[in-house]
Amino acid sequence: MENSSFGINSPLTLETFFIPPGGKYPIFLFGLAVYLFGMSCNLTLISLIILKKNLHKPMYFILISLPVNDLIGITAMLPKVLSNIVTETREVSYPLCVLQAFLLHMCAGGILFVLAAMAFDRYIAICMPLRYSSVMTPRIVALIIFLVWSSDFVCILSLFSLQSGLPRCRSVILSVFCDNQSLLKLTCGNLILSNIIGLFITVFIQVLSMSIQAYSYFKILVACLSRKQSDAKAKAVNTCVAQVVILVMFEIAGTFTVLSHRFQNISPDLQKVMGMLMFILPPLINPIVYGLYTSEIRRTFLSVFKSRISS
461 MENSSFGINS PLTLETFFIP PGGKYPIFLF GLAVYLFGMS CNLTLISLII
511 LKKNLHKPMY FILISLPVND LIGITAMLPK VLSNIVTETR EVSYPLCVLQ
561 AFLLHMCAGG ILFVLAAMAF DRYIAICMPL RYSSVMTPRI VALIIFLVWS
611 SDFVCILSLF SLQSGLPRCR SVILSVFCDN QSLLKLTCGN LILSNIIGLF
661 ITVFIQVLSM SIQAYSYFKI LVACLSRKQS DAKAKAVNTC VAQVVILVMF
711 EIAGTFTVLS HRFQNISPDL QKVMGMLMFI LPPLINPIVY GLYTSEIRRT
761 FLSVFKSRIS S
């Protein structure tokens, strides 16, 4: 196995969960319910922003990238895992494995870029309220959205291009899903340069996103503390709470995922579950967090919900 060479058409083998007898279909149905709930929540948020004119504002046009990103992540992750469980299949084609890994990394990088863009929007709205409409024009908003997705795409494409020229001499993915690190472990070339560049790209995305958010929220905090109106402070802080909560949850899930692979005494099944949580939890929680902390979205949803019940 170690000395063989594998082509692009050679299938890969994924690891599986330990599933007790009779547990296959309950796990599948639970996973399906989670997927459908995540899809419905994010599609509802997207629909509200698109269809309701009161939400046609720069903040919400930037926000729409978040549920889109969440849909990419949960769709790239969960259906394939559930399909493998119910069909008891372990094989996956190499191109499909690369596509899944690429989309999952796009999702992970995308949430950081989107939150940075949203933090910048809140910085302009709270610290420069009189200039907000002149700064956040439709053209600038479109440019921000373009930069979010193009930057994410270029970074992840650069990450995956590192393995394109390396020969494969293994065929077992040590996880229930595909990611870049698992694909790199299939190669038999020198990975030192790839690991260094990959680490640089990862750190670059984190540092760029966190720097923009830290600067924006620091300036927002200073602006809030300098204002005397308590209602203005509360409104300003409330618009940022949802973004901070989402960022903290994502970083905690990501940290636990990384740490779970660094300790040998952690159950392999627990490592697999924690790896999946990075892409399953945000689509479930993000729309709810925004529904709770963003009064305009909450009011719009409730008015639509009430009108549907009464009709």
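When we follow my numbering, the leftmost residue of the sequence shown carries the number 461, and every step to the right adds one. For glycine and all other residues, C-beta sits at the position ideal for the given N, C-alpha and C.
Sequence-distant residues of the same chain with beta carbon closer than 8 Å to residue i, five excluded per side
i    : result
L503 : P527, L531
E551 : P471, L472, T473, L474
F664 : C615
F761 : T504, L508, G751
L515 : L508, I509, E756, I757, T760
From the options, residue whose alpha carbon lies closest to that of residue i
i    : options                : result
L668 : C615, F710, V749       : C615
S676 : I656, L653, I661, C700 : C700
I506 : R768, P747, S654       : P747
P598 : P589, F521, A536       : F521
V705 : I745, M519, L523, D639 : I745
G482 : E548, I657, S635       : E548
L564 : S553, N640, S610       : N640
Y485 : A602, S543, K766       : S543
Close-in-space but distant-in-sequence residues of the same chain around residue i (CB under 7 Å, 5 per side omitted)
i    : result
C587 : K679, I680, A683
F710 : I571, P742
M670 : none
For residue j and residue i, believed in contact at Cβ under 8 Å, the rounded distance
i    : j    : result
I534 : G498 : 5 Å
I584 : Y592 : 6 Å
T647 : Q623 : 6 Å
I479 : I545 : 7 Å
K540 : F606 : So it is not a contact: roughly 29 Å between Cβ atoms.
G491 : S635 : G491 to S635, Cβ: 16 Å. No contact.
Q731 : A579 : Not confirmed; about 32 Å, so no contact.
Residues bridged to residue i (per DSSP)
i    : result
I633 : L474
V601 : V601 is not bridged to any residue.
V552 : L472
Within 7 Å, strictly: CB atoms of residue i and residue j
i    : j    : result
I633 : S642 : yes
V608 : V574 : yes
L538 : Y495 : yes
Q560 : A576 : no
L619 : G649 : no
G567 : N529 : First, the amino acid is wrong: residue 567 is Cys here, not Gly. Taking 7 Å as the Cβ cut-off, C567 and N529 qualify as a contacting pair.
P518 : D581 : yes
Beta-carbon contacts of residue i that lie in its chain and below 6 Å, excluding the five residues immediately before and after
i    : result
Y750 : A702, I757
L772 : The shown model of the chain, from 461 to 771, leaves out residue 772, and the question about it has no answer.
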